[in-house]
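What follows is a single structure, written as structure tokens, with notes after it.
Numbering (this note's numbering), first residue to last: -18 to 195.
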């Protein structure tokens, strides 16, 4: 079975401190159902640092066996409209450990809201080892690929697809894909069950042609 990743990116806001955002996000993680739940008894204080522009924490010790997670927050003192200034969260797991539909329909949107994500995905980590399919871009303005599940907020949809969320939903309305409004944008899922990596690549290419012609 493949290793999968849930990834979230969030635009930090000066009006909300790192501690405030982290407290809200940790609360959401501790309220998830198993096997996703973070054990509150194993949550440690967020490290403090005046030397680095970001602060992070490994949350894996409080998760079920085989699950790993990390969170990273960027300093609120220096914020620009670039992905390298994002707050980011990774959650890694094996496909065989989870109920995929629960992940897509419940866990993913819950964490998107709690983290205030503008971009997120769930996908097979092997796709990043394929250099022929490596299209790394600044996620404030575009996405490298459409993963098995992807979320883009209204701003990112306008910047990358040159379409509004409502326009994207209309285009995908009569397709086999799940496309709906979640948080501040559009969630697109290729399937509510994990799919083969090669199939994911083909659907990625198809969706890119549909949503971003030319």
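Positions of the beta carbon are idealized from the N, C-alpha and C atoms, including for glycine.
1. May I have the straight-line CA-CA distance separating residue 50 from residue 191, to the nearest angstrom?
2. Would residue 140 pass as a contact of residue 123 if the rule is Cβ separation under 9 Å?
3. Quick check on DSSP: helix, strand or coil for residue 58?
4. Just grab the DSSP bridge partners of residue -12 for me.
5. With H, G and I counted as helix, E and B as strand and the rest as coil, what does DSSP make of residue 127?
6. Where does residue -2 fall in DSSP's three states?
7. May I ask you to report which of helix, strand or coil DSSP gives residue 112?
8. Along the chain, where does the alpha helix (DSSP H) containing residue 94 start, and where does it finish?
9. Under 8 Å by Cβ, that's how I've got residue 86 and residue 9 pegged, so tell me the actual separation to the nearest angstrom.
10. Relative to the C-alpha of residue -12, which residue among 71, 142, 1 is closest?
11. Among residues of its own chain, excluding the 5 on either side of residue 159, which ones have a beta-carbon nearer than 6 Å to its beta-carbon?
12. Ordered along the chain, which non-local residues of its own chain (more than five positions away) have a Cβ less than 7 Å from that of residue -9?
On the basis of the supplied data:
1. In the chain shown, the residue the question calls residue 50 occupies position 69. In the chain shown, the residue the question calls residue 191 occupies position 210. Approximately 33 Å between the Cα atoms of the pair.
2. Against the chain shown, residue 140 aligns to sequence position 159. Against the chain shown, residue 123 aligns to sequence position 142. Yes, they are a contact pair.
3. Numbered from its first residue, the chain shown carries residue 58 at position 77. Looking at residue 58 - three-state DSSP - the assignment turns out to be coil, as it is neither helix nor strand.
4. As a working note, residue -12 is residue 7 in the chain shown. Beta-bridge analysis with DSSP links residue -12 to 71, 102.
5. For the purposes of this step, residue 127 is taken as the residue at position 146 of the chain shown. Here residue 127 sits in coil by DSSP.
6. Position 17 of the chain shown, counting from 1, holds the residue named residue -2. It is coil, neither helix nor strand.
7. Here the question's residue 112 lines up with position 131 in the chain shown. Reliability fails at residue 112, whose pLDDT of 48 lies under 50, so the model's placement of it is uncertain and the value that follows must be treated cautiously. Residue 112 falls in the helix class under three-state DSSP.
8. Here residue 94 corresponds to residue number 113 of the chain shown, with the count starting at 1. Unbroken alpha helix (DSSP H) run through residue 94: 89 to 96.
9. The sequence position of residue 86 within the chain shown is 105, counting from 1. The sequence position of residue 9 within the chain shown is 28, counting from 1. In fact, because the Cβ distance is near 16 Å, the residues do not count as touching under 8 Å.
10. Working through the chain shown from its first residue, we reach residue -12 at position 7. For residue -12, the nearest C-alpha among the options comes from 71.
11. Here the question's residue 159 lines up with position 178 in the chain shown. Result list for residue 159: 170, in chain order.
12. The count along the chain shown starts at 1 and reaches residue -9 at position 10. Taken in chain order, the residues that qualify are 67, 68, 96, 97, 98, 99.
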